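Okay, structure first, notes after.
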Amino acid sequence: EAGVTQSPTHLIKTRGQQATLRCSPISGHTSVYWYQQALGLGLQFLLWYDEGEERNRGNFPPRFSGRQFPNYSSELNVNALELEDSALYLCASSLQVNTGELFFGEGSRLTVL
Amino acid sequence: KNEVEQSPQNLTAQEGEFITINCSYSVGISALHWLQQHPGGGIVSLFMLSSGKKKHGRLIATINIQEKHSSLHITASHPRDSAVYICAVRATGTASKLTFGTGTRLQVTL
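Okay, here's the thing in structure tokens:
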């Protein structure tokens, strides 16, 4: 069974551009979570999608947004990129909300120049 | 003060040693996760705990809800255990938002 897959693995953008990151959860998982790991900082919760709806978001500005598609895959969009958006973006999925074990993807490394 | 504190920040051990990583948190939780992050960033979920103790191979995780403390133990450590170990808690009433510790970097040498 395929695990959580993320694309692209690496992405280089310049300030002001937009970045789109993609995540496919494990088959049957309806919850998708996005996390940011900036250099020198710990993981921070970004967004949670379940059954196609945004259920919760972390302390990030509105230019961080996303969506979840009917097949439960998800996109994370970052608009008006800033240098400090350079980070590893991790996606995780779970079968059960709040009680389910998390399964992580390998991450997408975004570099903003 | 961070809601989740881990100690030590860095740990070097020789192959075969017994290792303990500690995690203390300051909020009521519904679950605590132990995660392993390898160089390159990939993360593996090791354990999810809400009480007691879990064991998987050479890894043991314990949690004391009253003391708001969890430990991750590695028995007979091996160089392939070298990674960053991260504790994360799901606070009660936070609808799946995880708060992460800053991680413990473990290096196991031959």
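Chains as they are written, first to last, in the numbering used here: chain A, 1 to 113; chain B, 1001 to 1110. Cβ atoms here follow ideal geometry from the backbone N, Cα and C, with glycine treated the same way. What you are looking at is a predicted structure, and each value in this text was computed from that prediction instead of being measured.
Residues that DSSP places opposite residue i in a beta bridge
i         : result
A:Phe69   : Note: A:Phe69 sits in no beta bridge, so no partner.
B:Glu1015 : DSSP, once it has assigned bridges, lists no residue as partnering B:Glu1015.
B:Thr1075 : Partner(s): none; B:Thr1075 has no beta bridge.
B:Lys1055 : B:Ile1060
B:Thr1092 : In DSSP, B:Thr1092 forms no bridge with anything.
Same chain, Cβ closer than 6 angstroms to residue i, five either side skipped, listed in chain order
i         : result
B:Lys1098 : In the sequence as displayed, the identity of residue 1098 of chain B is Leu instead of Lys. So the list reads Ala1088, Arg1090, once near-sequence residues are dropped.
A:Ile12   : Thr111
B:Ala1013 : Ile1019, Ser1077, Val1108
A:Arg67   : Glu75
B:Gly1103 : Val1084, Ile1086
Which of helix, strand or coil DSSP assigns to residue i
i         : result
A:Leu83   : helix
B:Arg1080 : helix
A:Arg109  : strand
B:Asn1010 : strand
A:Phe60   : coil
Integer-rounded CB distance, given that residue j should sit under 8 angstroms from residue i
i         : j         : result
A:Leu110  : A:Ala2    : Actually they do not touch by this definition, with Cβ atoms about 23 angstroms apart.
B:Ala1083 : B:His1038 : 5 angstroms
A:Ser74   : A:Val32   : 4 angstroms
A:Gly105  : A:Cys23   : 6 angstroms
A:Gln36   : A:Ala80   : 16 angstroms between Cβ atoms; not a contact.
B:His1073 : B:Ile1060 : 4 angstroms
Cβ shell of residue i (< 7 angstroms), same chain only, five flanking positions each side left out
i         : result
B:Ser1045 : His1033, Leu1035
B:Ser1030 : Ser1050, Arg1090, Thr1092
Close beta carbons around residue i, own chain, < 8 angstroms, minus the five adjacent residues each side
i         : result
B:Glu1015 : Ser1077, His1078, Pro1079, Val1108, Thr1109, Leu1110
Chain A contacts made by the region 1042-1068 of chain B, where a contact means CB separation under 9 angstroms: Here the close residues are Gly1042, Ile1043, Val1044, Ser1045, Phe1047, Met1048, Ser1050.
Using a Cβ-Cβ cutoff of 9 angstroms, what residues of the region 1009-1032 of chain B are near chain A? List them in chain order. Those residues of the region 1009-1032 of chain B that come within reach of chain A (Cβ to Cβ, closer than 9 angstroms) are Ser1030, Ala1031.
Which of the residues in the region 1066-1086 of chain B, read from start to end, lie with their CB under 8 angstroms from any CB of chain A? Cβ contacts with chain A: Ile1086.
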